[in-house]
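Under my numbering, residues 20 to 406 are what the sequence shown spells out, in order.
Notes to accompany the following structure.
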Amino acid sequence: MNHFDITQAQPKVWSILSRSFSNKRTASTYLFHGREGLGQWPLAISFAALLNCLKPVKAEETGLIFPCGKCRPCRSIYALNFEGLHFALPISSHKNSDEMIDLTNELLEQKRQEPFKLFLSAQAVTIPIAMAREIKRTLTRKAPKGIRRVVLFYRMEKMKASSADALLKLIEEPPGDTVIILTADRPEALLPTIQSRAQKIRFDRVPEAVAAGYLMSNCGVKENRARLVVRICEGNVGQALEMVSSDEEDDGSSRAVGQLLFRSLFTEPKPEVVALITELIKDRDRGAAESLLGLWQSLIRDCAYYADTGDGDDLVNIDFAEELKRLARFFEKSRLAAAMTDNIKKALADLQVNVHIHISLVALVLKLRSHMPAAEQDRKIAGCERY
Ligand SMILES: [Zn+2]
20 MNHFDITQAQ PKVWSILSRS FSNKRTASTY LFHGREGLGQ WPLAISFAAL
70 LNCLKPVKAE ETGLIFPCGK CRPCRSIYAL NFEGLHFALP ISSHKNSDEM
120 IDLTNELLEQ KRQEPFKLFL SAQAVTIPIA MAREIKRTLT RKAPKGIRRV
170 VLFYRMEKMK ASSADALLKL IEEPPGDTVI ILTADRPEAL LPTIQSRAQK
220 IRFDRVPEAV AAGYLMSNCG VKENRARLVV RICEGNVGQA LEMVSSDEED
270 DGSSRAVGQL LFRSLFTEPK PEVVALITEL IKDRDRGAAE SLLGLWQSLI
320 RDCAYYADTG DGDDLVNIDF AEELKRLARF FEKSRLAAAM TDNIKKALAD
370 LQVNVHIHIS LVALVLKLRS HMPAAEQDRK IAGCERY
């Protein structure tokens, strides 16, 4: 996918950005909000390129403007080494500034390879205040001539409120030659003063054809599977990438797959859940099936606990906390948790004696679905589709 196409992940967003640029009404601070993986990163980078492109290109049919992708500023922006492009990223804990720089460079390298890639929550703990201060210092100097600086605060909700407070002035009034882009899952996760200063732009699910096309061309996934995965991931390309890379069997991504499959039990039509589980587990061994079911047991416990107490601090699966809170409503006032846990226990016992892993799991999925009210079984459950 080239730089023109990547903006198709969020056609509405690009239309807003492109028009504000054409009308010379670019905001000084933007807040891109929506779940990570919907294209906030590539859109921010493309916008930075547009602001600095020497030969922007106009699409005749729509009148929208795109960066050329070829001039020197475009190339260095897409390579993430443009002198006017600055990043504040959530990183894991570190001992000193050298380590902070190394961790940042690692993440930038990942994003260079794959702009939709999610930051794993274990890596992305907090945006350090030192990083923010460094950016503040840089911005006190004038931008080199002809450069429109862009500062991307990625996943701003990962910055401590006290640190964010120190940035208020900068965010309220960035220097005239600078555009600030904040991203966050939800705007309410940020200080009200920050929210009110920024132009908010919402990121919705990526159109299915675009997302599936991306998986097909970038990961060599076949069309049927690509479409299925995109649907299960609710049009989130970052999550879809995690899911298709799970074939490589590393722990982090099979965990992500297990979580998404769990969600799909509640949100997707039955045939699709069965198709997905078939696709994903046909080559897996017994051990992988058992750890999938172990994960589901733990997710069920979390849902039931949250439904019961409303306490999100003690959830075990904190990397899936937001989804668990949404799913918890299925577990209110019912024996759903107990029934599901029973089914899983039986399936685990089955796996010990049964050679047909795939059949056992499909049978389990059907049983788990049977606990839901009939009317809800084969259609999407309202309100559970997205945040
Ligand atoms: Zn260009």
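Cβ atoms here follow ideal geometry from the backbone N, Cα and C, with glycine treated the same way.
**Asked** Taking a cut-off of 5 Å, which residues have a beta-carbon closer than that to any heavy atom of ligand 1, in chain order?
**Response** This criterion selects Cys-72, Pro-86, Cys-87, Cys-90, Cys-93.
**Asked** Should Arg-91 go down as buried or exposed, given a rule of 16 or more other Cβ atoms within 10 Å for buried?
**Response** Result: exposed.
**Item:** Residue ranges of each alpha helix (DSSP H) within the segment 295 to 381, 4 or longer
**Value:** DSSP runs (the alpha helix (DSSP H)) wholly in the segment 295 to 381: 305 to 328, 340 to 346, 355 to 372.
**Request:** Tell me whether Asp-321 is buried or exposed, calling it buried when 16 or more other Cβ atoms sit within 10 Å of its Cβ.
**Result:** Label assigned to Asp-321: buried.
**Prompt:** Quick one, which of Ser-95, Ser-182, Lys-164 has its alpha-carbon nearest Ala-107's?
**Reply:** Measuring from the Cα of Ala-107, the nearest candidate turns out to be Ser-182.
**Asked** Nearest to Arg-94 by alpha carbon, out of Arg-131, Ile-190, Ser-353, Asp-304?
**Response** Checking every option, the nearest Cα to that of Arg-94 belongs to Arg-131.
**Asked** Roughly how many angstroms separate the alpha carbons of Val-225 and Arg-152, rounded to a whole number?
**Response** One C-alpha to the other measures close to 34 Å.
**Request:** Assuming His-113 contacts Leu-122 (C-beta within less than 8 Å), just tell me the rounded distance between them.
**Result:** For His-113 against Leu-122, the beta-carbon gap comes to about 6 Å, under 8 Å, which counts as contact.
**Message:** Just to confirm, is the Cβ distance from Ala-149 to Glu-176 under 7 Å?
**Reply:** No, they are not a contact pair.
**Three-state secondary structure assigned by DSSP to Thr-202** = Residue state for Thr-202 is assigned as strand, using DSSP reduced to three classes.
**Request:** Mind the definition here: the segment 63 to 75 touches the segment 222 to 239 only if three or more C-beta pairs lie below 8 Å; say whether that holds.
**Result:** The segment 63 to 75 is not in contact with the segment 222 to 239.
**Request:** Please name the residue in Pro-163, Arg-244, Gly-165, Ala-143 whose C-alpha comes closest to that of Met-178.
**Result:** For Met-178, the closest C-alpha among the options Pro-163, Arg-244, Gly-165, Ala-143 is that of Ala-143.
**Prompt:** Where are the alpha helix (DSSP H) runs, 4 residues long or more, that stay fully inside the segment 77 to 133, in chain order?
**Reply:** Here the runs fully enclosed are 91 to 97, 116 to 132.
**Prompt:** Hey, Leu-370 and Ala-308 are a contact pair by Cβ (cut 8 Å); roughly how many whole angstroms apart?
**Reply:** Between Leu-370 and Ala-308, the beta carbon gap of about 6 Å places them in contact (Cβ cut-off 8 Å).
**Request:** Throw me the rounded Cβ distance for the Pro-206 and Leu-50 pair, which I believe falls under 8 Å.
**Result:** Confirmed, Cβ separation roughly 6 Å.
**Prompt:** What is the DSSP secondary structure of Lys-177, reduced to helix, strand or coil?
**Reply:** Correct three-state label for Lys-177: helix.
**Beta-carbon contacts of Gly-56 that lie in its chain and below 7 Å, excluding the five residues immediately before and after** = Here the set comprises Phe-135, Leu-137, Asn-255, Val-256, Gly-257, Gln-258.
**Prompt:** Name the DSSP beta bridge partners of Phe-172, please?
**Reply:** Residue pairing by DSSP puts Phe-172 in a beta bridge opposite Ala-107, Leu-201.
**Asked** Does DSSP put Pro-35 in a helix, in a strand, or in coil?
**Response** According to the sequence shown, residue 35 is Ile rather than Pro. The answer is helix: DSSP assigns Ile-35 an H, G or I state.
**Asked** Which of helix, strand or coil does DSSP assign to Thr-45?
**Response** Thr-45 falls in the coil class under three-state DSSP.
**Message:** By the three-class DSSP mapping on this structure, what secondary structure does Arg-54 have?
**Reply:** Coil at Arg-54, not helix or strand.
**Request:** Please name the residue, chosen from Lys-344, Lys-365, Ala-366, Thr-297, that lies closest to His-377 on a Cα-to-Cα basis.
**Result:** It is Thr-297.
**Residues near Asn-243 by beta carbon distance below 8 Å, same chain, minus five either side** = Within the same chain, Asn-243 has no close Cβ partners at all.
**Message:** For Glu-291, tell me which candidate among Arg-274, Ala-245, Thr-328 has the shortest Cα-Cα distance.
**Reply:** Distance from the Cα of Glu-291 is smallest, within the candidate group Arg-274, Ala-245, Thr-328, for Ala-245.
**Asked** Alpha carbon to alpha carbon, what distance is there between Phe-349 and Lys-31?
**Response** Between Lys-31 and Phe-349, the C-alpha separation is close to 33 Å.
**Asked** Any idea if Arg-250 is buried or exposed, counting beta-carbon neighbours within 10 angstroms, 16 or more meaning buried?
**Response** Arg-250 should be labelled buried.
**Asked** Going straight from the alpha carbon of Tyr-406 to that of Glu-102, what length do you get?
**Response** Note that Tyr-406 scores 34 on pLDDT, short of 50, meaning its location in the model is unreliable; the coordinates nonetheless yield the value given after this. Taking C-alpha positions only, Tyr-406 is separated from Glu-102 by approximately 36 Å.
**Item:** Where the beta strand (DSSP E) through Gln-142 begins and ends
**Value:** Note, Gln-142: premise wrong, no beta strand (DSSP E); not H, not E.
**Request:** Spell out the partners DSSP gives Lys-219 in its beta bridges.
**Result:** Secondary-structure assignment with DSSP links Lys-219 through a beta bridge to Leu-50.
**Item:** Coil, strand or helix - Leu-189 by DSSP
**Value:** The three-state reading of DSSP puts Leu-189 in helix, counting H, G and I together.
**Prompt:** Near Lys-14, what residues of its chain come up, given a Cβ to Cβ distance below 7 Å and the 5 sequence neighbours on each side ignored?
**Reply:** One cannot answer for residue 14 here, as it falls past the ends of the chain, which runs 20 to 406.
**Identity of the residue in Leu-367, Arg-305, Ala-356 nearest Arg-388 by Cα** = The shortest C-alpha separation from Arg-388 is found at Ala-356.
**Asked** What are the boundary residues of the alpha helix (DSSP H) that includes Val-240?
**Response** No alpha helix (DSSP H) holds Val-240; DSSP gives it neither H nor E.
**Asked** Where do the N-terminal and C-terminal ends of the alpha helix (DSSP H) with Gln-59 fall, by residue?
**Response** Its alpha helix (DSSP H) spans residues 59 to 71.
**Asked** Relative to the C-alpha of Ser-41, which residue among Gly-165, Ala-162, Lys-77, Ala-382 is closest?
**Response** Ranked by Cα distance from Ser-41, the options Gly-165, Ala-162, Lys-77, Ala-382 are led by Lys-77.
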